[in-house]
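Chemist: Mind the numbering: the sequence shown is residues 559 to 1045 in my numbering, read in order.
The C-beta atom is built at its ideal place from N, Cα and C for all residues, glycine as well.
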Amino acid sequence: MDNFGPLIILFAFIIGISILGAIPGLKDRKMSAENWAVGGRNFGRWLNWFIMCGEVYTAFAFLGASGWAYARGGPTFYILAYGGLAYLVGYHVLPRVCALGHRHKLVTQADMVEYLYDSRPLGIFLSCIGVAFLLPYLQLQLTALGLIVEVASLGAIGRVTAMLIAFVMVALFVFLSGLKGVASTAVFKDVCMIAAMLGFGIYLPYHYYGGFTEMFTTIEAAKPGFLTFPGGTQNLDVTWGMSTILLTAFGFYMWPHFSTNTFSAKDPDVPRHNAIFLPFAQLALIFPMLVGFTAVIYYASNPLPQADMAFLFLVRDTFPTWVLGILGGAGALACMIPAADLLLSTSLLISRNIYVKGFRHNDENISPEHMKNIARYLILVLTAIALYLSIFHANLLVNLLLTGYSGVTQFFPTIVLGLFWKKASKLGAVCGLVVGEALVFLLILSKMDPFPLGAFHVNAGFFALCMNALVFVIVSLLSKSGKTKMI
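(1) Within its chain, find whatever has a CB closer than 7 Å to the CB of Val-956; leave out the 5 residues flanking it on each side and keep chain order.
(2) Assign Asn-860 to one of two classes, buried (16 or more other C-beta atoms within 10 Å of its C-beta) or exposed (fewer than that).
(3) Under the DSSP definition of a beta bridge, which residues are partnered with Leu-1011?
(4) With distances taken from CA atoms, which of Val-992, Val-707, Glu-772, Ser-822 is nearest Phe-601?
(5) Give every residue of the same chain whose Cβ lies closer than 8 Å to the Cβ of Phe-835, excluding the five residues on either side of it in the sequence, and list them in chain order.
(6) Is it right to say Phe-917 is buried, meaning 16 or more other beta carbons lie within 10 angstroms of its own, or is it exposed?
(7) Drop a sphere of 10 angstroms on the beta-carbon of Gly-783, count the other beta-carbons inside from all chains shown, and report buried for 16 or more, exposed for fewer.
(8) Can the beta-carbon of Ile-908 be found closer than 8 Å to that of Leu-947?
(9) For Leu-601, write down the residues that DSSP places opposite it in a beta bridge.
(10) Would you mind working out which of Gln-667, Val-974, Cys-686 sits nearest Ala-1031, comparing C-alpha positions?
(11) Please determine whether the Cβ atom of Phe-1014 lies at a distance below 7 Å from any heavy atom of the ligand SAM.
(12) When the Cα atoms are used, what is the spatial distance from Phe-569 to Ile-715?
(13) Arg-630 lies in the alpha helix (DSSP H); which residues open and close that run?
(14) Any idea what DSSP makes of Pro-564, helix, strand or coil?
(15) Of the residues Arg-830, Tyr-766, Gly-962, Ala-780, which one's Cα is nearest the Cα of Ala-858?
(16) Tell me the rounded alpha-carbon separation between Gly-790 and Arg-630.
(17) Using the beta-carbon count (16 or more within 10 Å), is Arg-523 buried or exposed?
(18) Do Tyr-615 and Met-751 count as a contact pair if the criterion is CB distance below 8 Å?
(19) Taking Phe-746 as part of the alpha helix (DSSP H), name the residues at either end of that continuous run.
(20) Hey, would you say Gly-739 sits closer than 8 Å to Met-589, going by beta carbons?
(21) Along the chain, which unbroken stretches of the alpha helix (DSSP H) at least 4 residues long are found entirely within the stretch 780–831?
(22) Cα-Cα, which of Gly-883, Cys-656, Pro-837, Tyr-636 is closest to Arg-599?
(23) Counting only the same chain and skipping the five closest in sequence on each side, list residues whose C-beta sits under 7 Å from that of Pro-763.
(24) Between the beta-carbon of Leu-938 and the beta-carbon of Ala-720, is there less than 8 Å?
(25) So, for Asp-795: in the same chain, excluding its five sequence neighbours on each side, which residues have a beta-carbon less than 6 Å away from its beta-carbon?
(26) Once the 5 residues before and after Asp-866 are set aside, which same chain residues still bring their CB inside 7 Å of it?
(27) The alpha helix (DSSP H) with Pro-552 in it runs from where to where?
(28) Using only the alpha-carbon positions, how far apart do Ile-558 and Pro-926 sit?
(29) By how many angstroms is the C-alpha of Ala-842 removed from the C-alpha of Met-559?
(30) Would you identify the three-state DSSP class for Ala-720, choosing helix, strand or coil?
(31) What is the DSSP secondary structure of Ala-644, counted as helix, strand or coil?
(32) Using 10 angstroms around the beta-carbon of Phe-871, count the other beta-carbons present and answer buried if the total reaches 16, otherwise exposed.
(33) DSSP three-state call for Val-665: helix, strand or coil?
(34) With contact counted as at least three CB pairs below 8 Å, one residue from each stretch, are the stretch 671–687 and the stretch 877–887 in contact?
(35) Within 10 angstroms of its Cβ, does Pro-1010 collect 16 or more other Cβ (buried), or is it exposed?
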């Protein structure tokens, strides 16, 4: 009987958010292709803010931030630092991306790169890389959802069942409503996430230690040096922290779905406004970290089987079961809504940039409605693939997943220099991308992340990005043709 409370709350969250996401599609059954893909390009400041904010509050916020605090200590603080720099990048880059998208009716990140360099093959190449990193990111959301619901339901709902139920619903509302469905649900999800993180992040340290100061004092006395670099690790030192902050700041807006979300803004002032106010969302990430730090001493004599479960286990062991249901519901939304955005962007890249532009020579004869239908049905196919991999091959893409952030950050020179540097060339972009991605795979799959530089350690993705940018600039300066189009 104790399981019914959390189960009812979990299903209320999952079913409610699915219905909310489907409403735009049910109200407008003849939604145009542009409305479905980029929301009609008329999202105002706060609606677009919530879409962008949704990419801060993912499964990582619940599981990753608290898990890192519990297991690694001091290096976790990089999470607070990179957001401020990322939004500085967004303030200058995203308004130009938005203006370019409106002027030339762009839908995907690959569309933008194709236009900038007047090169369809480069756009297709970028699409293939983007899909390669989006799929494991989608699988991560699925796997995290299964873990959250399994723990929050006290084992009453199995991991596989949870993934099946939730992502069938996600696929359906993305199929029906596109980006408008993601936007309408992102508002509710972000409010729930902020409330849950603030509530638990403040209450638990006071409940167990009497305050934040007392908690950190207790941890430092029990585990000296745990709260500074390298914390509970051997090689995540200050140099690693600085290079990781730069890597994630440069790469934050390089995920392909951020370009599509930016194209949805009604004018360039919208992403500029968002860049000013999004740091408030980043600050909220300190609260799941505080939960993770609370768990350090609480589970000192009985270590958790998996660090990422610190938040869920601590709430389970502290509160009545119905409270765990609320946390599980909020956590489920943290997986479902970003996954919906990922599904949409991945389907657009495959249908528009790989299939239509890569395999259909007469793509000008393909109507927007036909292209929308291809992308919509790909939503169902991609959901099935991600479910299959998450259920039967949970570790198949682990190594690829580890390269995700480092991999998409290699787009930074191609996009940013293409937008702002008149001498950026197509050949430079291709050479830089090849060098950057090759180094990412070589270093990370060879377990050379962090990359040792004498007595210091550097994030392998950041080292690859530096080489990428160097090659890009040198080759572009030597190129005599293929300069980018400026806005």
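Modeler: With the given structure in hand:
(1) With a pLDDT of 49 at Val-956, under the threshold of 50, the predicted position of this residue should be treated as unreliable, though the coordinate-derived value follows. Hits under 7 Å: none found.
(2) Its Cβ having fewer than 16 others within 10 Å, Asn-860 is exposed.
(3) According to DSSP, residue pairing for Leu-1011 in a beta bridge involves Phe-1014.
(4) Minimum Cα distance to Phe-601 is reached at Ser-822.
(5) Beyond the five residues adjoining it in sequence on each side, Phe-835 comes within less than 8 Å, by CB distance, of Trp-607 in the same chain, given in chain order.
(6) By the neighbour-count definition (other C-beta atoms within 10 Å, threshold 16), Phe-917 is an exposed residue.
(7) So Gly-783 ends up on the exposed side.
(8) Their beta carbons are not under 8 Å apart, which means Ile-908 does not touch Leu-947 by this criterion.
(9) Sequence check: residue 601 is Phe here, not Leu. Answer is Ala-823, bridged to Phe-601.
(10) Here residue 1031 is Val; the residue named in the question, Ala, does not match the sequence. Looking at the Cα atoms, Val-974 is the closest of the given residues.
(11) Within the structure as shown, the ligand SAM is missing, as the structure has no ligands at all.
(12) Distance between the alpha carbons of Phe-569 and Ile-715: 11 Å.
(13) For Arg-630, no alpha helix (DSSP H) run applies, since DSSP gives it neither H nor E.
(14) Three-state DSSP puts Pro-564 in a helix.
(15) If we check each option's Cα against that of Ala-858, Ala-780 comes out closest.
(16) For the pair Gly-790 and Arg-630, the Cα-to-Cα distance works out to about 4 Å.
(17) Any question about residue 523 goes unanswered here, given that the chain covers just 559 to 1045.
(18) Result yes, Cβ atoms of Met-751 and Tyr-615 sit closer than 8 Å.
(19) Residue range 737–767 is occupied by the alpha helix (DSSP H) that includes Phe-746.
(20) No, the pair does not count as a contact, with Cβ atoms beyond the cut-off.
(21) If we require 4 residues or more, the alpha helix (DSSP H) runs fully inside the stretch 780–831 come out as 796–809, 814–821.
(22) Of the candidates Gly-883, Cys-656, Pro-837, Tyr-636, the residue whose Cα lies closest to the Cα of Arg-599 is Cys-656.
(23) Counting only Cβ-Cβ distances below 7 Å, and skipping sequence neighbours, we find Gly-769, Phe-770, Met-773, Leu-848, Thr-852.
(24) With respect to the 8 Å criterion, Leu-938 and Ala-720 are not classified as neighbours on the basis of their beta carbons.
(25) Here the set comprises Phe-787, Pro-788, His-1015.
(26) In the same chain as Asp-866, and ignoring 5 residues on each side of it, the C-beta atoms closer than 7 Å to its own belong to Leu-621, Gly-622, Gly-625, in chain order.
(27) Coverage of the chain is limited to positions 559 through 1045, which leaves residue 552 absent and any answer about it impossible.
(28) In this structure the chain extends from 559 to 1045, so residue 558 is not present and cannot be described.
(29) Bear in mind that a pLDDT of 47 at Met-559, under 50, signals an unreliable position, so the model cannot answer this.
(30) Under the three-state reduction of DSSP output, Ala-720 falls in the helix class.
(31) Here Ala-644 sits in helix by DSSP.
(32) Classification for Phe-871: buried.
(33) Val-665: coil per DSSP, three-state reduction.
(34) They do not touch, by the three-pair rule.
(35) Pro-1010 comes out exposed.
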